[in-house]
Amino acid sequence: MAPIRLAILEADTPVPQANEKYKGYLGIFTHLFRRAVDPEPLESILTITGHDIVAFPSTAYPDLDSIDAVLITGSKYNSFDNDDWILSLVEFTRKALIHPRVKVIGVCFGHQIVARAMGCLVQRSDKGWEVSVTETTLTDKGKQIFGNHQSLKIQQMHRDQVYGIPAGAQLLASTEKCPNHGFLVPNRVITIQGHPEFTSEIMNEILVLRHGTGLFTDEVYESGVQRNGDHHDGVDVTKVFIQFLQGEFDEEEDPAQK
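Residues 58 to 315, numbered by the working numbering, are exactly what the sequence shown covers, in order.
Below, the structure is given as structure tokens:
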């Protein structure tokens, strides 16, 4: 079987030290997927390309007929804004969602963009930031998808959230602050509000930078640093992404779930 052709839509540039180490979100996600398929060689499973949709919004997008899936990354930008490049991303996502073959993965900002493209409201939360390793409660569908997990611990970095669940989607996880932490549409979409790609090193750099600028209070910063050393399930989430791409969740939706 030929490798799955995955296009990473890079919606931001990583923080400086991480960017230097990994060379953009393409490198960060390639590192993540490589760990998720180990000991198998990544190249036998996925062919990954990167597309800078912020700097080159009119030329960066891949031809949907030449790929099998897209992954929309996280971003410091607001997914509910109407900048030209964000509107272009929402429109491209809508096209991908109706393509007969292409699958869509959304991560954090990407999760919000997919939900926006599917008609959901995305806005700033009045409950503040979720940062660092955070436990999310899985729904029954989430427990089914994520195997033996009863909950997931995922790196977080957001204060925006999706309100509601897109039509036809199945909720996967939630927290007290954020009811929609991811959803699934079989054969079409899987999203997650957290950051499976963030290592503790990347998270520490973000925490220090945002605390230094005053964006994070001492309380948010210190709590995030304390939890950053905790185990998190980013690799397990990514294994599920691969299963999704390979068609393991392509069953028809149970009418009782609608």
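Glycine residues also receive a C-beta, built at the ideal position from the N, C-alpha and C atoms.
Inset, instruction - Return the CA-CA distance between D358 and G269, expressed in angstroms with no decimal places. - result: This structure cannot speak to residue 358, because the chain is shown only from 58 to 315.
Inset, instruction - Below 8 Å on the Cβ atoms is my guess for N244 versus D307; work out the distance and round it to an integer in Å. - result: At roughly 4 Å, the Cβ-Cβ gap stays under 8 Å, so N244 and D307 are in contact.
Inset, instruction - Please name the residue or residues paired with F240 in a DSSP beta bridge. - result: L228
Legend entry - Burial state of P157 (16 or more Cβ within 10 Å): With fewer than 16 Cβ atoms within 10 Å of its Cβ, P157 is classed as exposed.
Inset, instruction - Sort V294, N285 and G281 by Cα distance to L229 and report the nearest one. - result: V294
Legend entry - V265 and N237 closer than 8 Å at C-beta: no
Legend entry - Which listed residue (R216, A224 and P223) has its alpha carbon closest to that of T232: R216
Legend entry - Strand pairing of I187, partner residues [DSSP]: The amino acid occupying residue 187 in the given sequence is Glu; Ile does not appear at that position. According to the DSSP secondary-structure assignment, E187 is paired through a beta bridge with H215.
Legend entry - P119 (DSSP reduced to helix, strand or coil): In this structure, DSSP gives P119 a state outside helix and strand, which the three-state scheme calls coil.
Inset, instruction - Taking E67 as part of the beta strand (DSSP E), name the residues at either end of that continuous run. - result: I61 to E67 is the extent of the beta strand (DSSP E) around E67.
Inset, instruction - If I'm right that P60 touches S101 with Cβ under 8 Å, what's the distance once you round it to whole angstroms? - result: 6 Å
Inset, instruction - Go ahead and pull the three-state DSSP assignment for A126. - result: strand
Inset, instruction - Tell me whether A224 is buried or exposed, calling it buried when 16 or more other Cβ atoms sit within 10 Å of its Cβ. - result: Counting Cβ neighbours within 10 Å, A224 comes out exposed, since fewer than 16 surround it.
Inset, instruction - Using three-state DSSP, classify I105 as helix, strand or coil. - result: Strand, per DSSP.
Inset, instruction - Ignore the nearest five residues each way along the sequence and tell me which others in T248's own chain have a CB closer than 6 Å to its CB. - result: G163, H168, V171, G239 and F240
Inset, instruction - Give the C-beta separation of Y79 and H88 to the nearest angstrom, bearing in mind that I take them to be a contact with Cβ-Cβ under 8 Å. - result: 6 Å
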